[in-house]
Amino acid sequence: MPRKRAAQPITHALVIETILEEQFDDANQASGKVFKYSATAWCRAQGVALDDAAEKTLGDSFESCMQRYQTMLERSAPNNNRTGKNVRTAARKMNAAYLALLASQDLPADFNAAFKSAMDAKGFAPKHLIQMLKARYFADKPNWQAPNVYLFYNGTAGPGRSWHGDSRQLLTYCEEILGLSSGTLVSRAYPVVKPILVAPPKVIRYRQSRSEMHFERYSLKQLPARILKIFNDYVEWRHQKVVLVDGKTIGVDPRSIWTSPSTVSMHRTALLRYLGWLTMPAADRPLSELTPQERWRTGEGLHPDELTMAHVMDLRLIWKFIEYLRFRQHNQALSRSHSNFLMGVNAFYSMPYSYLAAHQELASEFGFEPPSSAEQWKVTLEARHQLTIQMIRTIERSIGHTKQRSPDEPLRHLMEDEAPYALVLRMIDRMEQNPPLKANVQTWSVWARDVALFRMESEVPLRAKNVIELTIGRHLTRDERSGLWHVLIKKEEMKNLASKHAHNISRTYSPTASIAIDRYINEARPNFVGHGISDYFFLGPAAGKRANPEFMAKKNYRISKDAIASAIERYLRRYFGESQGVNFFRHVIATSILKDDPTQVEMASAVLNNSPDAIKQNYRHLTQSDGLRNAQGWIEKQIRRRRRGEGSDGADSN
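Per our numbering, the sequence shown runs over residues 578 to 1231.
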């Protein structure tokens, strides 16, 4: 049966170059020169040029070419077997390398298909390859087995990675036995992903600082029992729409009502950090004499059993805590999170419907003098409120009002591109074009879920909270006639539900996104824990310890914010070299709209479902920098006009 020809001819020069790269390193340069000289002599003897197709002398006619060369040597130097030895050795090396290159060129791009084709070309069954591997490379390991060979051949598994390594060495041995050039299988098994945009080398101080302090955690594991009881009561209070204060019912401002479990979690986390700082060892010398590492571990030296709500209300301690937080910042500056903590404390007494306004009996527990009357209690709370507001304003003045994003943000190189959104769409296309092996059910299912997530977010960028809570039938519906999916999210379910700029989100996804949604719904979602039980659209883990049904039932089987962040980080790092948070899609779409036309604030506001003023503040740096670039272009244009004018006017007269 004739050998299948390669799509492009392999030249003698390519064969020689391949051998030099694979068999002669820097330590064998002299041997490499001898080989190259001998290989060139072979080509001259056969009457071919280095750029001619190698098939002429190294293909099916190789043995006849070698016989002719042997006859020529016997005529020129009879009875001398050493004549032309280097040339003959070089020719046989070239023949083997040519066949390997030819086989590699004919193999499919897919790893499993290439592995099977190479095996079939040799007439090997998996058991034969395993026997040869064991005899040649693992003779000293009598119990060695290679079940992966069967899986690779049958297409039921691909080469993976784990904590103890990957299959590169095994595949290298397989290449040698199958007569393939080095890297033929390895390159298909572990392809090098070409990034779409490479980030310039830089140190992001914020991330560097976070990594240094990663193990310097100080938060308490749980709230002390005395504080926990009051905190739980406070949480219930914050869920009420109408409260009773001094025998009067008062309506609560909708913006003050806690409607989401994430809000409770956020305040609990902030409280645990503050209490954790209080329990760290006190400084044994002035803070200015401490090293950064010592400062990170310095608190007030209190025991957890000593902690009360009076410590939570102590503004002197709170200011020391804010200074501690400021020191932990990469730029040691005050930030919005510091004023937010004070606002959380202020909420206990700032409004007529606040918790302490209705709980005068808890005055001592919160560190206040017991009031003699309700009126005195109001005066006390108002005085504390005004003092807290002064501290908040001090922080706000220090922060300023720019609210612009840091110029050191990791994906700055993407956001400064002319069309960042187009690059993100290209990333999603690349994701979709490179699926994992479908036989790896769980890996493939997670990939299908991630592609659907990215397609949906690139068209309707929702906050992570809304993505997690997407429900089939309630939020997502499919038009059977057009095959397109539709998303509807009511204003009441949004983070900024109290804002006059918040509106219902009602959008129809494109055919491309709808196809990705259909694939996830029909082929991938059935493989996740919770399918058939939960109506949440994005389900959680498909495998592993976290996929335990009992654990997932507590989470309502839905995807976690961490899983969303992990998916975004994985693909952003792969294609852009850096990662960003779960609001990446919202940021990149707003950035792209304003880069295309800085006046389209209303459009960006509509897409993000946010106020135009917030868009202007958050993206002021972007519109300003683009405006400066446009101004620079205008200046250069005027300079060119001036130069043309000088050319036509001639030289000035003195």
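Every residue, glycine too, gets a C-beta built ideally from N, C-alpha and C.
Query                                                                                                                                                                 : Result
Which runs of the alpha helix (DSSP H) at least 4 residues long sit entirely within the stretch 1019-1087? Give them in chain order.                                  : 1041-1045
Going by the beta-carbon positions, is the gap between ALA667 and PHE612 smaller than 8 Å?                                                                            : yes
Assign SER1111 to buried or exposed, taking buried as 16 or more other Cβ atoms, counted over all protein chains shown, within 10 Å of its Cβ.                        : buried
Buried or exposed: HIS844, going by 16 or more other Cβ atoms within 10 Å of its Cβ?                                                                                  : buried
Do you know offhand how far TYR730's Cα is from ALA766's?                                                                                                             : 13 Å
Going by Cα to Cα distance, which pick from ILE1170, HIS915, ALA1025 is closest to PHE898?                                                                            : HIS915
Can you give me the Cβ contacts of ASN923 inside the same chain, cut-off strictly under 6 Å, excluding the 5 residues immediately before and after it?                : THR965
If we count Cβ pairs, one from each stretch, closer than 8 Å, do we get three or more for the stretch 833-844 versus the stretch 797-817?                             : yes
With THR761 as the anchor, note down where its alpha helix (DSSP H) starts and where it stops.                                                                        : 761-766
Going by other Cβ atoms of all chains shown within 10 Å of its Cβ, with 16 needed for buried, is ASP1027 buried or exposed?                                           : buried
Kindly indicate which three-state DSSP category VAL820 falls into: helix, strand or coil?                                                                             : strand
Return the bridge partner residues of LYS825 from the DSSP annotation.                                                                                                : VAL822
Under DSSP, the alpha helix (DSSP H) around GLU959 begins and ends at which residues?                                                                                 : 951-976
What residue does the alpha helix (DSSP H) around SER796 start on, and which one ends it?                                                                             : Looking at the DSSP string, SER796 is not in any alpha helix (DSSP H), and its letter there is neither H nor E.
Taking 7 Å as the limit between beta carbons, can you name the residues of its chain near TYR1097, skipping five residues before and five after?                      : ALA1025, ARG1026, ALA1029
Count the CB pairs spanning the stretch 938-957 and the stretch 985-1003 that are closer than 8 Å, and state whether there are at least three.                        : no
Residues in its own chain within less than 6 Å of ARG850 by CB, not counting five upstream and five downstream?                                                       : SER796
In whole angstroms, what separates the C-alpha of MET857 from that of GLU877?                                                                                         : 6 Å
What are the boundary residues of the alpha helix (DSSP H) that ALA887 is part of?                                                                                    : 886-890
Can you give me the Cβ contacts of SER615 inside the same chain, cut-off strictly under 6 Å, excluding the 5 residues immediately before and after it?                : ASN663, VAL664, ALA667
Would you tell me roughly how many angstroms separate the C-alpha atoms of LYS1042 and ILE1141, rounded to the nearest one?                                           : 11 Å
To the nearest angstrom, how far is it from the Cα of GLU1069 to the Cα of LEU1061?                                                                                   : 25 Å
By how many angstroms is the C-alpha of ALA996 removed from the C-alpha of LYS1172?                                                                                   : 8 Å
Spatial neighbours of GLN909 within its chain, please: CB distance less than 7 Å, with the 5 preceding and 5 following residues excluded, ordered by chain position.  : ARG903
Among residues of its own chain, excluding the 5 on either side of VAL1037, which ones have a beta-carbon nearer than 8 Å to its beta-carbon?                         : VAL1064, ILE1082, ARG1084, TYR1086
Is the number of C-beta pairs between the stretch 636-655 and the stretch 690-703 that are closer than 8 Å three or more?                                             : no
Where do the ends of the alpha helix (DSSP H) carrying SER1156 lie?                                                                                                   : Here SER1156 belongs to no alpha helix (DSSP H), and DSSP marks it neither H nor E.
Which residues in the same chain as LEU939 place their Cβ atom closer than 8 Å to its Cβ, once the five residues preceding and following it in sequence are excluded? : ILE807, MET886, LEU933
Check this for me: beta carbons of SER941 and PRO948, under 8 Å apart or not?                                                                                         : no
How should HIS589 be labelled, buried or exposed, when 16 other C-beta atoms within 10 angstroms of its C-beta is the threshold for buried?                           : buried
Expressed to the nearest angstrom, what Euclidean distance is found between the alpha-carbon atoms of ILE1049 and HIS962?                                             : 45 Å
Quick one: what does DSSP say TYR1113 is sitting in, helix, strand or coil?                                                                                           : strand
Does the distance from the CB of SER694 to the CB of THR761 come in under 8 Å?                                                                                        : no
Alpha helix (DSSP H) containing PHE688: first to last residue?                                                                                                        : 688-699
In its own chain, which residues sit with a C-beta less than 8 Å from the C-beta of ASN1231, not counting the 5 before and 5 after it?                                : Bear in mind that the predicted position of ASN1231 carries a pLDDT of just 39, short of 50, making it unreliable; the figure below should be weighed with that in mind. Nothing meets the Cβ criterion.
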